[in-house]
Each structure stands twice: as structure tokens, then as C-alpha cells.
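FYI, in mature numbering (1 follows the signal peptide of the UniProt record, and there is no 0) the residues of the sequence shown are -22 to -1, 1 to 371.
Think of the CB as a built atom: it goes at the ideal place given N, C-alpha and C, for glycine as much as any other residue.
Here the structure comes first, spelled out in C-alpha cells, and everything after it is commentary.
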Amino acid sequence: MFKLSASFVALVALIPFAAGQAQEWGQCGGIGWTGPTTCVAGTTCQVQNAYFSNCFPGAPIPPVSTPAGGAPSPSATGLNALAQSKGKLYLGSATDNPELTDAAYVKILSDNTMFGQITPGNSMKWDATEPSRGQFTWTGADQIANLAQANGQLLRGHNCVWYSQLPSWVSSGNFDSATLTSIIQTHCSTLVGRYKGEVYSWDVVNEPFNDDGTWRSDVFYNTLGTDYVNITLQAARAADPAAKLYINDYNIEGPSAKTTSMMNLVKSLKAANVPLDGIGLQGHFIIGGVPQGIEDTLRAFTALGIEVAITELDIRMDVPATPAALAQQSQDYQTVISACQAVEGCVGVTIWDYTDKYSWVPQTFPGEGAACPWDQNFVKKAAFYGIVSGFNS
Ligand code: G3I
């Protein structure tokens, strides 16, 4: 928690016109910021950190993590409380078992006013849950399901079938279609059934398409064609009729061949009465690269009769981070959140872990990182306040 001294608070210039002034919740300062530095009347430019100041309604108030006297406002309480006050179901975070030994990490993760939902980043995947045929292991998955329950947080299940983190007994088993169907049904119904009643939504099928919109060539598609999708969705529905069933993918957040393929898949599954409740748009972005059409894309998916969620949001940059990059990142987080905020059927947003300390990015993209709203030392970055601004837009 950081403390705000009076010298950090710049008062709004009380001039009677708004030109060149930041709007309520808009950015009004910070290292590298070249936009307006005063706020519209009735709001106050308040320093959140060296990189980000924004316009709060009324007189100066304490920083986000310090509730004011009386009932704390949503923005003073946490991102999930803010998201819920704006009609969303949750603002959540991915997590993973190794980091649950880090008490400082767990303390922030477990605050359900900050995070109302968690997703296991790895421990419900096929390699973690059925490493050998018929041998199920639940230690890691149970730990995260129990954490969600203890914290009063929603749980997203991730995932039933995916080409990656798939044990070789599945990918190299040379099974015929009947046998692979049965293997999928056993895996997905056992996994989903174990957490019946505990999971808000499942990523039943993960990343079925290539970036050019063609079907990904993997053991599921190569053996069963597109039928593997309905086989898996039906197994999940039978195992937990109350859970929302999703297909989840990346690079479907704006207009693209892949987005079109996903929309066509939704249409054909709906037409065939296959159970499908939502599409997860992962949201792994690079600063400055959030698709222009994200709000329209979210809306277009919901027009097909399903809900949507941003399921794995992070926005990476070259490291070391510069002030300008961090300011851009804050804008980008704001863009994504405000797009979800604007679309009624967008139920929530999950950050793919909240701190740079445990982000997947540096391992996969050497030279890139700093993708999360909290830094390595659990200090909120400008991106955090971009999320606040996004919900308030
Ligand atoms: O389990 C081994 C461990 O035994 C070993 O000591 C360690 C050494 O590096 O590696 C461990 O495996 C790692 C695994 O995460 C579990 O921690 C893998 O190397 C690592 O590659 C793997 O990365 C995960 C990645 O999926 C794999 O594709 C990330 O943590 C996870 O965040 C990431 O999540 C995916 C989503 O599921 C789908 N969408 C994209 C997203 C980002 O890649």
C-alpha cells in the first residue's frame, strides 16, 4: 500500500471550459504523459504513481488501496468491486500452484474485492490431470479450486482439450476415432465432474484454429475432424449442466480470418443445438496493438446468442520498460476494459496473472515482459489505473 502525501495531489484548475482538460477518470499526468494536465470541473487530478495521474470526482480522496472513512467506494476497494458495481460478474486473475507459496502474492490474490475470479494457469490441463491413461491426479487443481472457494471467488476451468500440454499417450497414441472419442469423453467428464457446482465456466475447447482461420492440425482434429468439438462440449454439459461452456482462443479480438472462423463455428454449433454458452477472447496483446475493433467484435459474438469474456488479458512490451511504454500500456488496458464494459454480454475479464513476477511472457518471449498491472514487487503500475478508468468509461 502506498501513501499519498499532500504534495502529490495537484488540484484541478477551476477554469470554466473543458477544452484541453481530461475528463472524469481520464489521465491528467505522469512521466511521459503529453496529454491534458488539468481536469474538468468537479474532478481532481490525483497522482496514483510516478507514471499515472487521473481525474477523480470531487475533492482529493485517498489512494485506491486506502478506503476513505465510511463505506469504501468501489474504486477505493478493488478492481472486482468496481467491475461488479458496473454490472460485470467479475474481474479475475490467473494463478498457478508454485506461486501459492509466496505469502505477499497470495494476500493480494485472495482479496475478493480485488479479484472475484481465478483461473488455474496450468493445473487443470490434460498433462496435469491425466498424465497416464485413466490415472487422474488432482493435487494442483484441487488446491486452486479450494482457494477459490475459501476466498469466495468464482472459478474458471481451463481446459478439457488443447493441442498443447497434452501428454504423449494422447497425442501419439494412434487411436482410432471411436477410441479417441471415448478418451476425450472420459477425460472431460471426469475433470468437469470433479468440480461440478464449483466452476462458473469451462474453457472446454482451447485454441482450435490457426491464425489464418483454418483448423489446427492436432490429434483431435486429425482423428475426428470438427466433431471433436461437439463431442467434448456434450461431455462437459453432461458432467456439470450448470457450468457455462466456452471455446477459448487468441487473435480473435478484432476482425480477422480467425475471428470469422470462430463466428462460423459458433453459428454451426448453435444451429446443431450443441451446448455452447460463451467464447473466450484471450487478450494476449503487445502495447499499441490492441485491435481497433475489439468492442465491435465482442458485440458481434454476443449477437450470436452467447456470452463473451476476456479470459487471459496481458499486454507485453520490450523490457526494460520505459515511461512511454507504461503509459501506452495503461491506455491499452483501459481500451480493453472499456470495450468489455460497453458490451452487455461481456461478463468479465481475467488478467493472465496480476503481477509481472509470475507472468508467462518473459519465458516465452525473451526480451519482452512487464505485461501485468502490478510490477515484480507488487506495486500497482499505470496499467492498474487504466483498468479503473476503463470500468469508469
Ligand atoms: O511443470 C514443469 C516443471 O516440472 C519444470 O520444473 C519447469 C521448468 O521450466 O517447467 C514446468 O512446466 C512449465 C509449465 O508452464 C508449468 O509451470 C512449462 O515449462 C511452461 O512452458 C508452461 O507455461 C505455460 C504455458 O501456458 C504453456 O503453453 C504457462 O505457465 C501458462 O500461463 C500458459 O497459459 C496459456 C494458456 O493455457 C492458453 N493460452 C495461452 C497462455 C499463454 O501461453
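Between the region 144 to 158 and the region 67 to 80 there are fewer than three C-beta pairs closer than 8 Å, too few to call the two in contact. Checking the 6 Å criterion, the Cβ of W116 is out of range of every heavy atom belonging to the ligand G3I.
For T97 and L169, the gap between their C-alpha atoms comes out near 15 Å. Look at the beta carbons and you see the region 97 to 114 touching the region 63 to 78: at least three pairs across the two are nearer than 8 Å. Around the beta-carbon of K174, fewer than 16 other beta-carbon atoms lie within 10 Å, marking it exposed. For L69, no alpha helix (DSSP H) encloses it; the enclosing beta strand (DSSP E) starts and ends at Y68 to T73. Secondary structure of K222 (DSSP, three-state): strand. When DSSP states are grouped into helix, strand and coil, L144 belongs to the coil group. Per DSSP, the continuous alpha helix (DSSP H) segment holding I122 begins and ends at T117 to N129. Take K64, set aside five residues on each side of it, and the residues of its chain with a beta-carbon closer than 7 Å to its own are Q319 and F369, in chain order. With fewer than 16 other beta carbons inside 10 angstroms of its own, V357 counts as exposed. When the Cα atoms are used, G112 and T159 turn out to be separated by approximately 14 Å. About 5 Å separates the Cβ atoms of Q(-2) and V18, confirming a contact at the 8 Å cut-off.
Looking at S31, T22, P269 and Q24, the one whose alpha-carbon comes closest to that of A305 is S31. The beta carbon of V325 sits closer than 7 Å to those of K66, L67, E285 and A287, all from its chain and outside the five residues before and after it, given in chain order.
Closest in alpha carbon position to L132, among S246, N58 and I225, is N58. Within the same chain, Cβ atoms closer than 7 Å to the Cβ of R194 are found at Y141, E185, P186, F187 and N188, the five residues on either side in sequence being excluded. Taking 6 Å as the cut-off, one finds no heavy atom of the ligand G3I near enough to the beta carbon of S71.
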